[in-house]
Structure formats: C-alpha cells, structure tokens
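One line per chain: the protein sequences are A, B and C, in this order.
Note that full-length UniProt numbering has the first sequence beginning at 1, numbered continuously upward.
Note that full-length UniProt numbering has the second sequence beginning at 1, numbered continuously upward.
Note that full-length UniProt numbering has the third sequence beginning at 1, numbered continuously upward.
Glycine residues also receive a C-beta, built at the ideal position from the N, C-alpha and C atoms.
Owing to the predicted nature of the structure, the values given are computational and were not obtained by experimental measurement.
See below for the structure under consideration.
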Amino acid sequence: MRRPVGAALLTAPLLLFLLVTFVAPIGAFLWRGVTDDEVRPVLPRTVVALASWNGTGTPGEEAFAALVEDLRAARSGDRGAIPRAAARLNADRPGFRGLLPMTARRVEAPFEGSARAAVLAISAEWGQPETWGAIARAGGPMSSFHVLAALDLRRDATGAVRQAPEDTRVFRTVLLRSLWISLLVTAVCLALGWPLAWLIATSRGLAATLLLAAVMLPFWISLVVRTAAWMVLLQREGIVNAALQAGGIIETPLPLLMNRFAVVLGMVHILLPFMVLPLVAAFRGLDPRLPRAAASLGAAPWRVFLRVTLPLSLPGVGAGCILVFIQALGFYVTPALLGGPNDQMLAWFVGFYATRSVNWGLAAALSIVLLVAVGLCVALYGRLAGFRRPGAA
Amino acid sequence: MARGILWALGVLVAVFLVAPIVAILPLSFSAGSFLFYPLPGLSLRWYEDFFASPFWLPAFWNSMGIGTAAAALATLLGTPAAFGLWRMTGAFRAVAMGVVLAPMVVPVIVVAVALLLAFGPLGLVATHTGLVIAHAMLGVPFVVVTVLASLEAFDPVQLRAAAACGAGPMRAFFRVCLPQIAPGVAAGAVFAFATSLDEVVVALFVAGPAQRTLPRQMFSGLNDQISLTTTAAAAMLVVMSVLLLLAVAWLQARGRRRLSG
Amino acid sequence: MDRRTILKGALAAAALPAAARAQGRDLTVVSWGGAYQDAQREVYFRPFQQQTRNRLLEETWDGGIGVLRSRIASGANTWDVVQVESEELLIGADEGLFEPLDWAAIGGKDAYIAEAVNDYGVGAILYSFIIAYDRARMAQGPANWADFFDTARFPGKRGMRKGPKTTLEMALMADGVAPAQVYEVLGTPAGVDRAFRKLDSIKADIAWFERGSQPPQWLAAGEVTLTVAYNGRISAANATDGRNFAIVWTNNIFTLDSWVIMKGSPNKAKAVEFLKFVGQPAVQAGLPPKIPYGVTAKGVNERLPAEVLANLPTAPQNIANALQLSDRFWLDNLDRLTQRFNTWVSR
C-alpha cells in the first residue's frame with residue numbers, strides 16, 4: 001500500500017506546478033473555443049427574444065424592440081463592448097463590424113412607431129434571416145460555433161449543421177497535412193537516427209565523441225538560425241545548387257526551397273537530436289552480453305537484431321518517436337520560412353488567428369482540434385508500444 | 001562489412017547535421033549584409049556590432065541566467081516525478097503522464113497567449129521569475145521523458161535490495177537509483193536548458209525589456225534587420241558549445257583514468 | 001547538498017528583479033525594431049532623453065491587436081507609447097485600448113498632414129508597397145502592376161505578401177481597375193472573383209513572404225526576379241549594402257503607422273511630451289535621410305535634400321497616383337477574405 005502513495009507524493013510537486021503554470025492557463029484559453037461571451041453581455045434581451053425564433057423569415061417585433069433597447073443600453077456603458085461583439089459577429093457574417101455600431105448610433109435617438117420598421121430602415125441587412133441567425137448562434141454561453149468552424153462546418157439560421165462554403169474550406173486539409181508531415185518527419189528521423197545512435201552507443205574514443213558532438217552541436221544553435229542556414233544552402237543560387245551545377249549534374253537550378261522537401265529536411269534536422277539521444281540512452285542501457293549470448297547460441301545477426309536488440313531498445317525508440325512526432329505537429333517557424341503555401345501546418349493557423357486576426361475563439365478551437373489529434377495519436381501509441389512498466393508482470 | 005555500411009551511414013547523417021552550421025558561420029565574416037555566397041568581402045563588423053550594441057551582450061547574459069534557472073527548476077521537479085511515474089500504474093499514471101507531456105504538445109503560440117492572460121493578474125509578466133517559470137514548464141517534459149527512458153534500464157530489484165539492507169525510500173533513491181540514472185538526468189537538464197535557450201515565442205509575450213533573451217534578439221536580428229550580427233552570435237555560441245563539449249569529454253576521460261588508476 | 005545550494009542560489013537570483021520591478025517604471029516606447037528603430041533611436045529617443053532629462057525604455061514588437069488587447073485585459077500592461085499599424089489604430093480606438101490624444105498639447109491638428117490625424121493616434125511614418133527588382137540582373141524592369149503580372153515578358157518567381165490585403169488591390173490594378181475604383185470593385189462579389197482570377201494567372205510563380213526582411217534578401221540572392229516590397233527596406237539595401245535595386249512607384253499602395261498612448265498609462269504626461277518632441281518638423285526631418293519613410297509633420301519636405309525626397313512615399317511625384325490602403329474596407333472584410341485567401345493559396 002505504501003508504494004503507490006509514495007510514488008504519487010513524488011509526482012505531486014511537479015503536477016501542482018504544472019497545474020498552476022500550464023493546465024489552468026491553457027484551460028482558460030481553450031475554454032474560449034467552446035464558449036461565446038462577447039455578444040450576450042451586449043445584446044442580452046435580443047438573445048432571449050431570439051430563443052423562440054425558428055430561423056426562417058425575420059423574427060417578430062419583440063426581437064427588434066429588444067435589439068433597440070440593448071443597443072441603447074450598450075451605448076451608455078463600456079464603449080469597447082459593441083465593437084468586440086461586432087468583431088465576433090463579423091467572423092460569422094461579414095459586414096457586422098460596420099452594421100452593429102452604425103445601427104447603435106442610429107437608434108440612440110428616440111423614434112416613433114415600430115422598432116421593426118425603424119431598424120429595417122437603417123439597413124436591409126436586418127431583413128436577412130442569417131443576420132439574426134448570427135446573433136442567435138453567438139448568444140452563448142456555450143457554443144459549438146468555433147469548433148465547427150475549425151472543422152470547416154457551420155450552422156445555418158435554423159440550427160442545422162452544414163459544410164462551410166467550398167471556397168472557405170481549409171482546416172480539415174491542413175489537419176491531415178500536419179499529421180502526414182509529422183509522420184514523415186518521424187519516420188525519416190528514425191531511419192537516420194538509428195545507425196547514428198547505434199554507432200555512438202557502441203563505439204569508444206574520439207570517433208564516438210565526434211559523432212555525439214555532431215548531434216549536440218545543432219542543439220545549441222537557435223532554431224531560427226538553423227532554418228536560415230537551410231535557406232543559404234537551398235536557395236536558387238545557393239550552395240547545393242551551385243555544387244550540383246559545378247559538378248555538371250544539373251544545368252538549371254533545382255527549386256529546392258519553398259516546398260515540402262525543404263520543410264521535411266529542415267524539420268528532420270531540428271528534431272533528429274530528439275530521436276538520437278533517447279536511442280543512445282536505450283542502446284547504452286542494453287546489456288551487451290544478451291546479443292552476444294544470442295549469437296553464441298547460433299542466431300544469425302539479423303535474427304539477433306530482430307529478436308533481442310530491437311525488442312530491448314523499443315522503449316527508447318518509443319520515447320524518440322513520440323518526442324519527435326509531437327513536436328513536429330506543433331511546428332511553426334520552419335514551415336513558414338522553408339515551405340510553400342501548401343506546406344503550412346495547423347500551428348501556423350493557430351498563431352495566425354491568435355495574434356494577427358485576433359479570433360481567439362477560433363484559435364482556441366483549432367488548438368482543441370490539434371490537441372485531440374495528438375491525444376488520439378498518443379493513445380494509439382500507448383496501445384501499440386506503451387510506456388510499459390519495466391518488467392511488469 | 002555491416003559495420004562499414006553503418007559507419008558510412010552514421011558519418012553521412014553527422015555531416016547532414018553539421019553542414020548547415022558550417023554553411024552559415026562564414027557569413028558572420030561577410031562585409032555585406034545578406035545571407036548568400038559568394039561573400040562580397042571580409043570584415044569583423046558584425047562581431048563589433050555584437051559587442052558594441054546595447055542589446056546583444058545583455059541578451060546573452062539574460063539567456064544564460066534564465067536558461068540555468070529554468071533547467072534547474074525543471075530538473076528539480078521533473079526527476080522525482082519521473083521516478084514516481086515509473087513506480088506507478090493505472091489510470092492515475094496515464095493522466096499524470098498526459099499532464100506532464102502536454103506542454104510539449106501545445107503549440108507555443110497558444111501557451112504564450114494563455115500565459116500572458118494568466119500571468120498578468122499575478123504580476124509575473126515582464127519579470128525574470130515569470131519567464132523562468134514559463135521556460136521550466138516548457139522544459140519539464142524533456143526531463144521526465146529522458147529520465148524515464150534511463151529508468152527503463154534500471155532494475156527495480158535493486159531498490160528492494162536497498163530496502164532489505166535498511167535504507168529508507170529516499171536514501172535508496174539517492175544512493176542507489178540516482179547515480180545510475182545520472183546520465184539521463186543530466187541529458188534532461190541539458191534538454192531543458194536548450195529549450196530555454198531556443199525559445200522565442202513565449203519570451204516575446206511574457207518578457208519585458210529587462211528580460212530580452214538571445215534567441216529573441218536573434219529572431220529580430222534576422223527578421224527585421226539588414227544585418228548579420230545574428231550569424232556572429234551564432235558563431236560564438238558554436239565555439240562556446242564546442243569548448244563545453246570538449247571540457248565535458250576531458251573531465252569524463254580524467255574521471256575514468258582515476259577510476260582505473 | 002552542494003547541488004541544492006546552487007539551485008537555491010539560482011532561484012533566488014531569478015526572483016530578485018521581481019522586487020526591483022515593483023517600483024515606478026520609466027516611459028516605455030514600443031516600435032518595430034530593426035534598422036527602423038535604430039534610426040528612431042538616433043533621431044528621436046536619444047535626443048529626447050538628453051533634452052528633457054526623461055529616461056526612456058525601448059521595446060520591440062511585431063504587431064497584432066491581440067497583443068495590445070491582452071495587455072490591457074490582463075492588467076499587466078508595461079507599454080506607454082506604441083507604434084501601431086493603421087488597422088490596429090482603428091480597432092484599438094473602437095475598443096478603448098488607447099488614451100484619447102490631446103492634439104493641442106502636441107502642436108495642433110494643422111501641424112500634421114491630413115492622413116496623420118486621428119482622435120487616438122498621430123501618424124508616425126508613411127510607407128508604401130512598391131515593386132522592386134534588381135538592376136544588376138534585369139536592365140529593363142516592369143513599369144506597373146500589369147507588367148508585374150506579365151509572366152511572358154518577365155519570367156521567374158515574384159514575391160508577394162501572404163494575405164489578401166494589398167494583394168487583391170494589386171491584382172485589380174493589374175487587371176485595369178483605376179486606383180480610385182479599386183475598393184468599389186472589391187466591395188462586390190464579382191470584384192473579388194475578378195481579383196482571384198487575376199491572381200490565378202500567376203499563382204505558380206508567386207513566392208509568398210510574411211516578413212519585410214524577406215523581399216530584399218530574395219532579390220539579393222536571386223530567389224525572385226520581381227517582388228512586392230516595403231519601400232524603406234529596398235532603399236536601405238541600396239544605401240547600406242551597395243545594391244542597385246529599382247523601385248517602381250506607379251500605383252503604389254501606401255499606409256501609415258501611428259503613435260498611440262496605451263489606456264491607463266501611468267506615464268501619460270511624459271508620453272505626450274514625447275509625442276510633442278517627435279512631432280516637430282525639425283526633429284522629423286532627421287529621420288528620412290536615415291531610413292526612407294515619409295514623415296507626417298507639415299514642412300518637412302522643404303527641409304530635405306532632393307535626392308532624399310525622391311525616395312520617399314510623400315514625394316509629390318510618388319504619391320500622385322498612389323492608392324491609400326482602406327482600413328475600413330479591411331475591417332469589414334478581412335475575416336471573410338482571409339479565409340478565402342488561405343483556402344485559395346493552400347490549394
């Protein structure tokens with residue numbers, strides 16, 4: 001009974017630390033992906049009035065009256081609220097960023113007659129069901145709007161889920177592309193890292209030290225600089241093309257930059273040490289007597305490798321693969337600098353929506369999609385290889 | 001024969017790892033200000049800029065201090081946690097593992113925005129403490145994963161043996177387990193340090209003018225300057241790390257001699 | 001034991017500056033970094049500190065209204081004066097992120113060119129998106145946007161800014177739309193389709209840049225034959241690196257960056273003093289010779305040598321047929337057009 005408690009106590013400081021510095025902040029951020037809290041504070045009565053609307057035609061007089069009342073109240077309150085609500089509605093239906101503040105200004109003065117007629121006179125937009133649908137969808141407090149958008153889906157005014165218009169569908173493709181590039185990078189890292197790690201683990205002396213130095217050296221140089229170095233090597237009049245031309249292998253420069261090849265190359269270069277070091281640790285931990293024993297019992301070298309070396313080094317392989325794959329999924333700078341438009345990964349879009357376009361809801365929703373994808377991959381990995389307890393009976 | 005092929009492959013991969021660095025370093029001596037060959041002439045202007053400008057040297061020292069503190073914190077928290085995780089089974093372990101690995105998975109840009117929002121009310125934005133905490137958090141998964149990997153090679157029977165000899169769990173850990181997994185712990189600390197030394201996005205958000213780090217300075221150096229000071233800084237980092245690696249190798253060799261002598 | 005002492009020491013050292021921070025802070029001015037901020041330091045920041053005996057801290061950022069919004073929202077804002085792009089000025093002013101500007105205290109609205117005046121910000125510089133090429137590689141370059149889209153006469157890659165903003169305008173002008181009609185056409189679905197169709201015609205030859213440092217680097221390295229670029233970057237490459245890059249000013253697209261004071265700044269009085277200082281024509285006239293951006297105080301052009309003026313977006317012959325970037329249009333349409341652009345570009 002004492003052992004699990006002791007183990008839990010050892011992990012407690014770290015878990016507490018991560019809870020405060022990571023889980024809580026990220027949780028609060030991701031929460032924005034499934035909530036909608038920018039429109040309801042500005043248009044509380046409108047949201048309530050729209051709850052009973054079926055999404056066809058225009059809503060009744062009471063919704064128009066509620067809108068007028070809400071906008072008047074908002075004009076006299078926090079002045080940032082209307083633009084923020086308008087920005088949120090604009091993400092759903094373009095034009096709102098101008099429409100809402102303008103409507104708010106125009107209804108402020110008292111008027112005679114029905115609110116419906118007055119609001120419709122300000123803009124014909126208010127006669128469109130989708131205009132009201134956007135407000136209803138943004139009513140919160142919980143909302144599937146951003147997550148659906150991150151999957152190229154949207155709801156129409158009646159609440160039915162539909163595909164996004166074809167010319168704005170992008171995220172599903174990008175997600176699959178991110179997974180594919182990460183997988184490719186992991187595979188290449190494993191293929192290149194294995195022989196290198198094996199040599200480092202099994203050699204002695206200067207050669208081993210030099211090889212290890214070759215792995216560690218890039219590690220100390222900023223990722224930005226290493227990415228820039230690949231640009232120097234791969235550009236049209238760069239070193240690689242110059243060498244190939246001088247050698248008479250090609251006549252016109254090859255397009256080596258701004259494509260998938262450059263992205264994978266750059267990412268492999270940056271992530272390879274993360275594969276090699278765990279592999280070296282695993283190989284060094286191997287009892288060298290075991291393969292020797294197998295060999296002395298008459299097993300062929302490939303059989304020794306397949307039946308003894310490989311299974312024993314699997315934990316290291318697993319650690320390396322997962323380190324590389326997971327980091328690859330989040331890559332941002334390298335695809336941006338070395339890739340073409342078809343090579344951008346999901347992280348680029350998260351960054352884009354978080355800082356450039358300030359659509360935090362969508363940024364959070366895209367992060368959720370990314371995290372779910374990663375979680376599924378890790379779970380799958382856990383199934384196949386597993387962080388097993390050593391010698392677990 | 002097989003060994004020969006292995007060596008050829010290994011050397012090729014090592015060349016692949018080092019080539020870009022070798023390619024970019026001579027540019028730090030360029031008299032021009034763009035990243036391409038042939039060099040328009042030789043000069044030391046970018047090195048002069050590194051030492052003369054009010055930004056580069058302080059950034060260097062900031063990076064060293066923040067990286068060391070972050071790596072220390074990450075190692076201090078991560079090593080016992082890895083040990084705990086190694087002894088654990090079941091659902092709690094899976095959840096804890098998920099939490100520990102998560103900082104590695106979440107794109108830094110998300111972490112950065114989230115931290116800015118969370119650190120603000122706590123008064124941690126634009127402080128060294130805030131950046132150290134953030135970088136330690138980003139480095140922790142590397143410590144845990146590397147230490148766990150080296151624990152896989154550790155035989156738990158030894159702990160029972162230690163207990164049978166009357167050692168408490170703490171003593172058993174420090175005297176029996178830790179010495180054997182020390183290379184893994186050291187590798188984890190190095191990873192954590194390197195993570196901090198290479199981190200630019202969180203620094204961009206959470207740091208203030210007093211916490212400007214080297215990668216951040218390099219980033220802006222390459223991004224918005226017509227300047228190759230970044231390559232001069234990179235060159236000096238390379239020389240420094242080569243010296244460090246040589247020192248480590250020399251110390252190891254000496255230690256081995258003393259053991260055998 | 002040893003190790004633990006070291007760790008404690010490191011942690012204590014890390015915690016120290018937090019205590020120092022609690023005291024009042026100096027005026028913090030945030031700009032775009034690089035050669036531009038170097039010039040600003042020499043012309044604005046240092047003289048300001050010497051003449052007014054105020055201390056001034058510099059910061060660098062690379063834009064994004066989210067950064068400003070989260071600084072205000074988190075209550076942890078440490079910036080006082082920030083240089084923002086025109087779109088950030090509009091959004092930030094709408095959302096109440098900036099202090100309203102006391103124009104009387106900085107010389108009055110009449111002292112500045114009309115484009116520089118806003119209730120919440122004062123224009124700092126005016127810059128243009130132009131076409132650039134390397135005369136060392138191509139003697140006779142393009143003359144306008146139609147030429148830029150002509151891959152038969154000017155084969156090779158061309159650099160463009162990644163995003164719909166400026167790109168769609170350029171496509172329409174290349175397709176024969178007059179600058180004055182660009183936003184009218186772009187406001188209709190057919191106009192947007194027309195712009196994307198025009199872009200389709202050279203899609204395979206476009207290299208997309210995301211940072212202003214990329215176009216001159218690409219030109220120098222022969223990666224592209226033509227490129228859209230910020231005018232200042234190209235002139236700076238010519239001046240400091242001995243390049244012979246040509247700038248095509250025909251129908252350039254210009255926009256302004258502005259100084260704003262962050263909401264609730266404890267250094268507001270010093271911030272106003274700073275803006276007043278950098279608004280003087282005599283002070284502003286020091287900037288263009290160092291970096292070729294147009295400045296905003298009236299009466300600066302007359303103080304500049306003719307060869308400096310010729311490279312500025314504010315030179316009469318350069319601004320005559322230019323198009324001012326419409327922030328209103330992009331505020332309303334950026335979400336939709338960005339989505340469409342991203343889909344189009346990654347297909």
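C-alpha distance - residue i paired with residue j, whole-angstrom precision
| i | j | result |
| --- | --- | --- |
| Gly-96(C) | Lys-263(C) | 7 angstroms |
| Leu-214(B) | Ala-69(B) | 15 angstroms |
| Gln-194(A) | Ala-282(A) | In the sequence under discussion, the amino acid at residue 194(A) is Trp, which differs from the Gln named in the question. Rounded to whole angstroms, Trp-194(A) to Ala-282(A) spans 11 angstroms at the Cα level. |
| Met-137(B) | Val-68(A) | 49 angstroms |
| Ser-241(B) | Val-324(A) | 23 angstroms |
| Gln-23(C) | Ala-134(A) | Residue confidence for Gln-23(C) is low, a pLDDT of 43 falling below 50, so the modelled location carries little weight and cannot support an answer. |
| Ala-285(C) | Tyr-127(C) | 16 angstroms |
| Arg-3(B) | Thr-195(B) | 34 angstroms |
| Glu-307(C) | Pro-292(C) | 11 angstroms |
| Ile-181(B) | Arg-204(A) | 20 angstroms |
| Val-374(A) | Val-105(B) | 7 angstroms |
| Val-108(B) | Asp-80(C) | 27 angstroms |
| Pro-59(A) | Val-84(C) | 41 angstroms |
| residue 435(A) | Leu-204(B) | Any answer about residue 435(A) is impossible in this case: the structure gives chain A only from 1 up to 393. |
| residue 266(B) | Val-238(B) | Outside the shown range of chain B (1 to 261) lies residue 266(B), about which nothing can therefore be said. |
| Arg-4(C) | Ala-72(B) | Caution applies to Arg-4(C), whose pLDDT of 39 falls short of 50 and renders its modelled position unreliable; the value that the coordinates give is listed next. Taking the straight line joining both Cα atoms gives about 10 angstroms. |
| Leu-159(B) | Gly-84(B) | 13 angstroms |
| Arg-389(A) | Thr-89(B) | With a pLDDT of 40 at Arg-389(A), under the threshold of 50, the modelled position of that residue is not reliable, and the figure given next carries that caveat. C-alpha separation (whole angstroms): 7 angstroms. |
| Ala-12(A) | Ser-357(A) | 39 angstroms |
| Glu-42(C) | Val-29(C) | 14 angstroms |
Cβ-Cβ distance between residue i and residue j below 9 angstroms
| i | j | result |
| --- | --- | --- |
| Ala-150(A) | Val-369(A) | yes |
| Met-345(A) | Tyr-353(A) | no |
| Ala-229(C) | Ala-315(C) | no |
| Gly-127(A) | Gly-55(A) | no |
| Gly-63(C) | Trp-32(C) | yes |
| Pro-288(C) | Leu-304(C) | yes |
| Gly-188(B) | Thr-79(B) | yes |
| Phe-29(B) | Leu-44(B) | yes |
| Ala-363(A) | Val-113(B) | yes |
| Lys-65(C) | Glu-99(C) | Note on residue identity: the sequence assigns Ile, not Lys, to residue 65(C). Cβ distance not < 9 angstroms, so Ile-65(C) and Glu-99(C) don't count as in contact. |
Bridge partners - residue i, DSSP secondary structure assignment
| i | result |
| --- | --- |
| Arg-155(A) | Val-161(A) |
| Phe-129(C) | Tyr-230(C), Ile-253(C) |
| Glu-59(C) | Val-30(C) |
| Tyr-112(C) | Ala-297(C) |
| Met-142(A) | Thr-35(A) |
| Gly-123(C) | Ser-258(C) |
| Asp-134(C) | Phe-245(C) |
| Gln-324(C) | Phe-254(C) |
| Val-147(A) | DSSP, once it has assigned bridges, lists no residue as partnering Val-147(A). |
| Val-240(A) | DSSP output for Val-240(A) lists no bridge partner at all. |
| Val-117(C) | Val-122(C) |
| Phe-98(C) | Met-262(C) |
Span of the alpha helix (DSSP H), counted from its first residue to its last, around residue i
| i | result |
| --- | --- |
| Phe-173(B) | Here Phe-173(B) belongs to no alpha helix (DSSP H), and DSSP marks it neither H nor E. |
| Arg-3(B) | 2-24 |
| residue 395(A) | Residue 395(A) lies beyond the stretch modelled for chain A, which goes from 1 to 393, so this question has no answer here. |
| Val-119(A) | 115-122 |
| Asn-267(C) | Looking at the DSSP string, Asn-267(C) is not in any alpha helix (DSSP H), and its letter there is neither H nor E. |
The beta strand (DSSP E) enclosing residue i, as first and last residue numbers
| i | result |
| --- | --- |
| Trp-208(C) | 206-209 |
| Arg-161(C) | 158-161 |
| Gln-83(C) | 81-85 |
Checklist entry - In the region 31-98 of chain A, which residue ranges form an unbroken alpha helix (DSSP H) of at least 4 residues, counting only runs that do not cross its ends? => result 44-50, 61-75, 81-92
Item to check | Residue ranges of each alpha helix (DSSP H) within the region 143-215 of chain B, 4 or longer | outcome: 157-164, 169-172, 178-197, 201-206
Checklist entry - Going along the chain, which unbroken runs of the beta strand (DSSP E) with 3 or more residues stay wholly within the region 25-87 of chain B? => result none
Item to check | Length at least 4, wholly inside the region 178-218 of chain C: the alpha helix (DSSP H) runs in chain order | outcome: 182-186, 189-200
Item to check | Complete runs of the alpha helix (DSSP H) confined to the region 186-230 of chain A [at least 4 residues] | outcome: 205-216
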